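Protein chains in written order, with my numbering: chain D, 1325 to 1677; chain R, 34 to 212; chain S, 5 to 252.
Below is one structure; the comments refer to it alone.
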Amino acid sequence: MAKILMKGNEAIAAAAIKAGCIYFFGYPITPQNELPEFMARELPRIGGVFVQAESEVAAINMVYGAAGTGKRAMTSSSSPGIALKQEGISYIAGAELPCVIVNISRGGPGLGGIQPSQADYFMSTRGGGNGDYRHLVYAPASLQEAVDLTMEAFEVADYYRNPVMVVGDGMIGQMMEPIEFKEIRKRDVSSEDWGTTGTKSVRKPNVINSLVLDPAELERHNIKLDQKYKEMEANEVRYEMYKMEDAEVVLVAYGTTARIVKNAVDVLEKEGIKAGLIRPITLWPFPNKAFNEIPQGTKALLTVEMSMGQMIDDVKIANEGKLPVHFYGRAGGMIPTPEAVVEKVKTILGGER
Amino acid sequence: MTEKIIMAGFGGQGVMAMGQLLTYTGMVEEKNVSWLPSYGPEMRGGTANCAVIISESLVDSPIITEDATAAIVMNLPSLVKFEGNVIVGGNLLINSSLISLKTARDDVNAYYIPANKIANEIGNSKVANIVMLGAYLELTKVVLVDTIVEAMKKVFGPAKQHLVPLNQKALELGAVQVK
Amino acid sequence: MAVVFKKTEGLTDKQFHYCPGCTHGIIHRLVGEVLEELGVLGEAIGVAPVGCSVLAYEYFNCDMQEAAHGRAPAVATGIKRVLPENIVFTYQGDGDLASIGTAEIVHAAHRGEKITTIFVNNAIYGMTGGQMAPTTLVGQKATTAPYGRDAAMSGRPLKMSEMLATIDGAVFVERVSVHNVASIRKAKKAIKRAFEVQLEGKGFGIVEVLSTCPTNWGITSVESLKWLDENMIPYYPLGNFRVPEEEI
Chain D
1325 MAKILMKGNE
1335 AIAAAAIKAG
1345 CIYFFGYPIT
1355 PQNELPEFMA
1365 RELPRIGGVF
1375 VQAESEVAAI
1385 NMVYGAAGTG
1395 KRAMTSSSSP
1405 GIALKQEGIS
1415 YIAGAELPCV
1425 IVNISRGGPG
1435 LGGIQPSQAD
1445 YFMSTRGGGN
1455 GDYRHLVYAP
1465 ASLQEAVDLT
1475 MEAFEVADYY
1485 RNPVMVVGDG
1495 MIGQMMEPIE
1505 FKEIRKRDVS
1515 SEDWGTTGTK
1525 SVRKPNVINS
1535 LVLDPAELER
1545 HNIKLDQKYK
1555 EMEANEVRYE
1565 MYKMEDAEVV
1575 LVAYGTTARI
1585 VKNAVDVLEK
1595 EGIKAGLIRP
1605 ITLWPFPNKA
1615 FNEIPQGTKA
1625 LLTVEMSMGQ
1635 MIDDVKIANE
1645 GKLPVHFYGR
1655 AGGMIPTPEA
1665 VVEKVKTILG
1675 GER
Chain R
34 MTEKIIMAGF
44 GGQGVMAMGQ
54 LLTYTGMVEE
64 KNVSWLPSYG
74 PEMRGGTANC
84 AVIISESLVD
94 SPIITEDATA
104 AIVMNLPSLV
114 KFEGNVIVGG
124 NLLINSSLIS
134 LKTARDDVNA
144 YYIPANKIAN
154 EIGNSKVANI
164 VMLGAYLELT
174 KVVLVDTIVE
184 AMKKVFGPAK
194 QHLVPLNQKA
204 LELGAVQVK
Chain S
5 MAVVFKKTEG
15 LTDKQFHYCP
25 GCTHGIIHRL
35 VGEVLEELGV
45 LGEAIGVAPV
55 GCSVLAYEYF
65 NCDMQEAAHG
75 RAPAVATGIK
85 RVLPENIVFT
95 YQGDGDLASI
105 GTAEIVHAAH
115 RGEKITTIFV
125 NNAIYGMTGG
135 QMAPTTLVGQ
145 KATTAPYGRD
155 AAMSGRPLKM
165 SEMLATIDGA
175 VFVERVSVHN
185 VASIRKAKKA
195 IKRAFEVQLE
205 GKGFGIVEVL
215 STCPTNWGIT
225 SVESLKWLDE
235 NMIPYYPLGN
245 FRVPEEEI
C-alpha cells in the first residue's frame, strides 16, 4: 500500500478506525484537537459515533459505558485533560474494560503550556487514579510507530480487558510524516459474553462493576488483576537498542526525544565517542531487561527527557545501582538539542576520565 | 543528502501549505520526510513557521535547531527570528517585497526575491510562497519541479485544478530569480 | 390457588439492603414493574450510582453497569450511543445527581440523550451517614449541618426538575412521591411515561421521586412519610414540568 502523508493526530485517529474503533468520546484541548475533529468528520460516515462530551471526566465515563457493551471505544486528550480522566481510567481498570486512551502531552503542572513535553511520565506509568492498577503505556517516536501502536493497542486492550494508553508529545500530534496502515497481529481474544447488551431474556444479567465490598473478595480481585499485570510485564515489553556495541555511555530516551538523542549518538560517533541508546517503547512495563544487555565497558547512563526527570526513576530501578545515572532534560515545551546532548555526554566522560 | 528547511511568515502567507507541498512531493519521490509546524496561539494571526526535512536516510529528529540547510522567510520578524538557524554556507531566501533589511549574516548564501511583486504581476499575490519555493528548488534540486507540479494536481483537488498553471508559472519565475 | 400478587420479573431475588422505612425499595419495584410491563427487560441496561442505591445492579434483573459518583448519565450516554435500540436508564440519588453529577445530568439532558433517569431525592446523603445534600431543606439538620441548613451559608436547596425542565433536550420531566398509595400509583405512571418517551425516541426523560430516609432524618418510618408530605412537598411541588411538545 502506498504511503500517505498525515498529521500525527489524524494518523492516530485513522489508525483507531482501521483497528475497528468507531466509538469516540472527547473534549477539546490543544495540541490534540485534530484527533477528535477527524473523528467528528469520519465516524458518522461509517455508522460510528462521535460525542463531544461536556468535560474530560464525562468523556472517559462515556468510554466506560461504551466499552461496557463490549465494543472498541476510545478517548483522547492532553495532559490536564488526562489528569481529569484518571477517575474513569481507574474504574475502567477495576471493571476490567478494554479501551484506548491517547495523551498528546504538553507542559505542566497546572494549565502549563501547549508545547511538546514528556512531563506526564509519572501520571502515565504510576497510575494517576486510585487503587492498585496498571495499564500499558506505548510511547511512539514516529508517526508510523504511532499508527502501528494505536492499532495494536486495541488488540492488547481486548486481550487483557484493560485500558491501554498511547502517549505522544505535542510533536507526535502536530507533525506530518508518511505512514502506511499495516496488518497487525490479531490476538486470540476470549469470546466470553461479558458485555451489557441486554439479556434478551435468555441469559443472566451481565454486570460491569468495580465495587467489591467484601475485603477477601476484593483481595482476590486485586490478585487476579495483578496476575494480568505480571503477564503484561512478561509479554508486552518493547524497546529499541541503537548502537549499543562498545558504548561508553548509554543514553535512555523515549518518544521524539529518542530521535534527538539518535542525532546526538551519530554526531558523537563521528567524533570518535561511542554512545548507544536504549529507547523504551513501552513505558509501562518498563524494559528493565534491556539494561541487562548493557556492554561491560559502559561507564555511565544518561537519561534524556522533556521534563525535569521522571523516567530517570525507572532507569535507576533497572540499573540496580550498577552505573552512575546522569540526567539531561528540558521542560515546559523547550526541546533538547542534539548539540546539548553531545555536550552533556562529553562532560560525563570528562568527569569519568 | 539531507535538506532541513525552515519556512516562516505571518498567517495567511501560505507558509504551512508550502511546507506540506514540499513534504508531500518528497514522499512521492520516496525520500524520507517530516513536517513539523509551530502551533498554538501564535498560529492564530501571528507568525507561523514549519520545519521540513527531506532526506535520503531516515529522519531522526524532526526538529531543526541551529542546523537548517535553508530558511525561507516571508516577513521581517521571521528573518530576525530564523537567520541565525542557518548553517554556514546554507541558503537564506528572503522575501524582499516585504523585507527591506538585509541579513546580518555574511556566511550564508542570501537571496533577495521580490515574491509578492512577482506574484502580483502574474495576477495573484497568494502565490508569493510558491515563487519562493521555486527559487529554493532551483538552488537545491531537492525534488523535481515536474514532481511538485504533479503533486499540486493531486493536493489541489478537482475544484482548484485551474490554479495549477498559475502555481507552475510562479515556480518558474521564482527559479529565474536565482539562476 | 390463584396467584393474586407476585414479585416483578424486573427485580432479582437478592434481598434489599435498604434500611427499614426507606422508600428506595418501592421505587425499585416500580421501575422493575414498568420494565416488565413494557416488555423491555431483555433490552434494558441500567446504570447504578454511588450512594445508597450503589448496589442497584444486584437488584434489577437486567444488564447493569455501576458508574463512578455522579457519572451515570455519561456512562448511559456511552451505552445508548453504541446500542441505540436498547433501553438505557440511570438510577441516581440526590448527592450523585444534584451535587457531584450536575454537569453530567445537565449535559445528558442538553444533548437530548434518549435515556431515562430515575432521580431519588431524600434530601440527604444516606450512604455516607447523613451529610447535607444540595437538596437538604433549610433548617433541616444533617451531620455537616448540625445546626440545620443555613441558607446564608449553604444556599437554598436545588430544584433539579424545575432546572432541567428549562433544557430543550429534556422532553419529559416530572416530580412524584411515594409517601402514600395514591402517590405511588402516580409515580408509576410517570416512570412508565418516561420510559415510553425513550422508546418513542423523543429525548431525555427524568422522574424525580421524593423519598424518605428515616435513619438519617432520625425519625420513625411512619413519621418520615408525614415529614416528607409536610416539609418536602411544599418546597418540591409534585407535578409534571415538561412533556413532549405534541402533548401540550
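Note that beta-carbon positions come from the ideal geometry of N, C-alpha and C, so glycine has one too.
Every value quoted in this text rests on a predicted model; they were computed, and no experiment measured them.
In the three-state reduction of the DSSP assignment, residue 101 of chain R falls in the strand class, which pools E and B. Under DSSP, residue 68 of chain R forms a beta bridge with D:1500, R:85.
By the neighbour-count criterion, in which 16 or more other beta carbons inside 10 Å mark a residue as buried, residue 53 of chain S falls on the buried side.
The contact set of residue 189 of chain S on chain D, defined by CB atoms closer than 7 Å, is empty, because the minimum CB distance reaches about 27 Å.
The three-state reading of DSSP puts residue 1608 of chain D in strand, counting E and B together. The beta carbon of residue 196 of chain R sits closer than 7 Å to those of 189, all from its chain and outside the five residues before and after it, given in chain order. The three-state reading of DSSP puts residue 1474 of chain D in helix, counting H, G and I together.
Note on the stretch 1434–1487 of chain D: whole alpha helix (DSSP H) runs with a minimum of 4 residues are 1445–1450, 1467–1484, in chain order. In this structure, the CA atom of residue 170 of chain R is about 22 Å from the CA atom of residue 135 of chain R. As summarised for the stretch 1336–1420 of chain D, the continuous alpha helix (DSSP H) elements at least 4 residues long and confined to that stretch are 1358–1366, 1380–1391, 1403–1418, given in chain order. Inside the stretch 81–168 of chain S, DSSP marks whole alpha helix (DSSP H) runs of 4 or more residues at positions 106–114, 155–158, 164–168, from first to last along the chain.
Contact annotation, residue 50 of chain S with residue 93 of chain S: C-beta distance approximately 5 Å; criterion of less than 8 Å satisfied.
Residue burial is scored here from C-beta neighbours: residue 1526 of chain D has fewer than 16 other C-beta atoms within 10 angstroms and is therefore classed as exposed. By the rule that beta-carbons nearer than 9 Å mark a contact, residue 1654 of chain D does not touch chain R. Excluding residues up to 5 positions away in sequence, 51, 52, 53, 79 lie with their Cβ nearer than 7 Å to the Cβ of residue 71 of chain S in the same chain.
Going by DSSP, residue 245 of chain S is part of the beta strand (DSSP E) stretching over 243–246. The beta-carbon of residue 1636 of chain D is placed no less than 9 Å from the nearest beta-carbon of chain R. Listed along chain D is no residue with a C-beta nearer than 9 Å to that of residue 133 of chain R; the closest approach is about 32 Å. Per DSSP, residue 210 of chain R is one residue of the alpha helix (DSSP H) stretching across 196–211.
Chain order gives the chain S residues near residue 1535 of chain D as 58, 70, where near means a beta carbon separation below 7 Å. Contact annotation, residue 105 of chain S with residue 1389 of chain D: C-beta distance approximately 14 Å; criterion of less than 8 Å not satisfied. CA-CA distance, residue 191 of chain S to residue 1542 of chain D, rounds to 37 Å. Under the three-pair Cβ rule at 8 Å, the stretch 214–229 of chain S counts as touching the stretch 116–127 of chain S. When rounded, the separation of the alpha-carbon atoms in residue 20 of chain S and residue 164 of chain S is 27 Å.
Between the alpha carbons of residue 49 of chain R and residue 1668 of chain D lies a distance of about 34 Å. Measuring C-alpha to C-alpha distances from residue 13 of chain S to each of D:1610, D:1529, D:1609 identifies D:1529 as the nearest. The straight-line gap separating the alpha-carbon atoms of residue 1536 of chain D and residue 1419 of chain D is approximately 10 Å.
A Cβ-Cβ separation of about 23 Å leaves residue 1455 of chain D out of contact with residue 1429 of chain D under the 8 Å criterion. Against chain S, a Cβ distance below 7 Å from residue 1349 of chain D picks out 82. Per DSSP, residue 198 of chain S has no beta bridge partner at all. Under the criterion of beta carbons closer than 8 Å, residue 1377 of chain D and residue 1405 of chain D do not qualify as touching, at roughly 11 Å. Of D:1569, D:1636, D:1519, the smallest CA-CA separation from residue 1601 of chain D is found for D:1569. For the stretch 1450–1481 of chain D, the set of residues with a beta-carbon nearer than 7 Å to any beta-carbon of chain S is empty. With three or more CB-CB distances shorter than 8 Å, the stretch 1659–1666 of chain D counts as touching the stretch 1580–1589 of chain D.
Check the Cα spacing between residue 1606 of chain D and each of D:1370, D:1651, D:1556: the tightest is with D:1556.
Every unbroken stretch of the beta strand (DSSP E) spanning 3 or more residues and falling wholly within the stretch 1567–1634 of chain D is given here in chain order: 1573–1576, 1599–1604, 1606–1608, 1624–1629.
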